[in-house]
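Colleague:
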Amino acid sequence: MPPPIQTADVDNDGFLKDLSCWNEAIACGIAQNDNIELTPSHFEIIYLLRTFYQAHQVAPANRPFVKMVQLALGKDKGNSIYLMTLFPQSPAKLAAKISGLPKPPNCF
Amino acid sequence: MKFSLLVLASPYSQQGGLSALQFAKTCLDQGHQLYRVFFYHEGVQTASALQCPQRDEVNLHDQWKELADQHSIDLVTCIAAALKRGILDEGEAKRYEKDHFNLNKPFELSGLGQLLDAQINSDQLITFA
Amino acid sequence: MKLHLIQRSPFSNSALKDCLNTIGENDSVLLMQDGTYSLNHPLLTDIKNPTYALLQDSSARGLTTPASTKAIEYDEFVMLCSQHKHVLSWY
Amino acid sequence: MTNEILIIARSAPYGSSLAREGIDYILTSAAYDQDISILFLGDGVFQILKDQNPADIKLKSHLAALEILPLYDIEKLYAVKEDLLERGLDINQLGVKVTVIERSQVDSLIDSQDKVLSF
């Protein structure tokens, strides 16, 4: 059963305004704006990214993002095709948005 | 020769911005190419069109603009460093839901990739702090 | 062969010291902005490297250039930059 | 084309934003496939001290950002021995893996690089 969806207060680019209010339902709400329905596979990556961000206060760029997943979950998931399937087009950016990380200033 | 400049100095608080300007003019006088001027750290304040020094003082924004208009120089301001210091163009003002903006052409906001590009593609990148 | 631009006073900042600690035999030093306050600093008189000072910046500050240092203008500053592989700013 | 780029980090973290802005440049450059080395020199050696805890001064941890450099394939980190000693620091107090070099080696390290920039 997919998690419930909660509409979040997001900015013009779809990023969460109040980072502290993030929860799974809000993540689903952000993802819905990009037509993504979140599954446990998504949340596995989302929590990994949130833990990484809490530790380092930096959202990784695409290649380091793949490497981070690879180190934590192995090559089956730590590859760009898998991550592209979950978070299409720009995985690191989209995953960061859904995970409630701050909007990077220069990726638009 | 192809030069680029990195301006870190805060305009009006430090001399670096004036030194950079004079260096740029001398470069061009000598027939060198000025590939890009990149504003970073406190240097991003140079890009604000709203600076109002006294009439008998140099207006750094206007001087760079004049030079860029004459010689079509790339004036790039680091977007991350600029946004947090309140230097926004019209697009960013909309994005961040602000009523005002203070950065116009020929200054532009862009990422640090532009500094890397300047470092790689110039013969010399000179830092003014 | 490097050109080192010293942009801060040696009495308030370690720019000059950090630079001279690691300077190469064939490198040159150019004092500019508050770096010109280094003109008579003992650290500088100890080195054999060619030393330049930006005349505008030293005379603005009421400083005189000792014989061991060559006073230059922006023309030569730009020329020196074009003649070195690396130009490093210390600030 | 990949360039060998050396970033000389000679600002102490926290008091000024320069050290942090230097790291931002390093992370950007690495994302563009450049061969980056970092030299911690002068007060820059303070950037690599372990046990940094800046939460109470409301700043992001500099060390935590440096810890992700391996993910960006940046493995060549150097620190100047005499600058560590002068500041009463030894290698056990460092939070990231660096190669300690002597002042006399800095000149040739810089000369071997295509591009050098300091923050």
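Protein chains in written order, with this note's numbering: chain A, 67 to 174; chain B, 24 to 152; chain C, 1036 to 1126; chain D, 1288 to 1406. Idealized CB from N, CA, C, for every residue including glycine.
1) By DSSP's criteria, I1339 (chain D) is part of a beta bridge. Which residues make up the other side?
2) Would you please verify whether the beta carbon of N1084 (chain C) is less than 8 Å from any beta carbon of chain D?
3) Quick one: Cα of F174 (chain A) to Cα of F1046 (chain C), how far?
4) Helix, strand or coil: how does DSSP classify H123 (chain B) here?
5) By Cβ distance, which residues of its chain are closer than 7 Å to F130 (chain B), with the 5 residues on each side in sequence left out?
6) Considering Cα atoms alone, identify which of C:K1037, C:L1055 and C:D1092 is closest to E1108 (chain C).
7) So, is the C-beta of D1322 (chain D) closer than 8 Å to a C-beta in chain C?
8) Assuming L1078 (chain C) and K1120 (chain C) are in contact, meaning their beta carbons sit under 8 Å apart, how far apart are those beta carbons, in whole angstroms?
9) Which same chain residues, not among the five before or five after A1366 (chain D), have their C-beta less than 6 Å away from its C-beta?
10) Identify whether S1063 (chain C) lies in helix, strand or coil by the three-state DSSP scheme.
11) Find the residues of chain C that neighbour S42 (chain B), judging by a C-beta separation of less than 7 Å, and give them in chain order.
12) For a contact meaning CB atoms closer than 7 Å, what does T150 (chain B) contact in chain C?
13) Give the DSSP bridge partners of T1100 (chain C), in chain order.
14) For S107 (chain A), name the three-state secondary structure that DSSP assigns.
15) Cβ of L57 (chain B) within 8 Å of Cβ of H94 (chain B)?
16) When the Cα atoms are used, what is the spatial distance from L1427 (chain D) to P70 (chain A)?
17) For C1116 (chain C), return the contacting residues in chain B, with the cut-off set at a CB-CB distance below 8 Å.
18) Rounding to the nearest angstrom, what Cα-Cα distance links D142 (chain A) and D1322 (chain D) in this structure?
19) When you compare the CB of R108 (chain B) with every CB in chain A, is at least one pair closer than 8 Å?
20) Compare the C-beta of N1290 (chain D) against all C-beta atoms of chain B and say whether one is closer than 8 Å.
21) In whole angstroms, give me the CA-to-CA distance for E1354 (chain D) and L1090 (chain C).
22) Spatial neighbours of C1116 (chain C) within its chain, please: CB distance less than 8 Å, with the 5 preceding and 5 following residues excluded, ordered by chain position.
23) Check whether the Cβ of F174 (chain A) lies closer than 8 Å to any Cβ atom in chain D.
24) Need the endpoints of the alpha helix (DSSP H) that W87 (chain B) sits in, please.
25) Buried or exposed: which applies to G1070 (chain C), given that a residue is buried once 16 or more other Cβ atoms fall within 10 Å of its Cβ?
26) Specify, as a first and last residue, the run of the alpha helix (DSSP H) that T1315 (chain D) falls within.
27) Would you tell me roughly how many angstroms separate the C-alpha atoms of F131 (chain A) and M24 (chain B), rounded to the nearest one?
28) By alpha-carbon positions, which one of A:A161, A:A93, A:Y119 and A:P170 ends up nearest to I111 (chain A)?
29) When the Cβ atoms of the region 154-171 of chain A are set against those of the region 100-117 of chain A, are three or more pairs found closer than 8 Å?
Modeller: Short version:
1) It should be pointed out that residue 1339 (chain D) corresponds to Gln in this sequence rather than to Ile. BP columns for Q1339 (chain D) are empty, so no partner.
2) no
3) Legend: pLDDT at F174 (chain A) = 46, less than 50; position of this residue unreliable, value from coordinates given subsequently. Distance between the alpha carbons of F174 (chain A) and F1046 (chain C) is about 44 Å.
4) coil
5) A70, L98 and T100
6) C:D1092
7) no
8) About 24 Å; that fails the 8 Å criterion.
9) F1327, V1332, V1385 and V1387
10) strand
11) M1067 and Q1068
12) S1124
13) According to DSSP, which records beta bridges pairwise, T1100 (chain C) is partnered with nothing at all.
14) helix
15) yes
16) Given that chain D is displayed from residue 1288 to residue 1406, the structure contains no residue 1427 (chain D) and the question cannot be resolved.
17) F26, Q147 and I149
18) 28 Å
19) no
20) yes
21) 44 Å
22) L1038 and V1122
23) Any reading at F174 (chain A) is ruled out, since the residue's pLDDT is 46, under 50, leaving its predicted position unreliable.
24) L83 to H94
25) buried
26) L1305 to A1318
27) 39 Å
28) A:A161
29) yes
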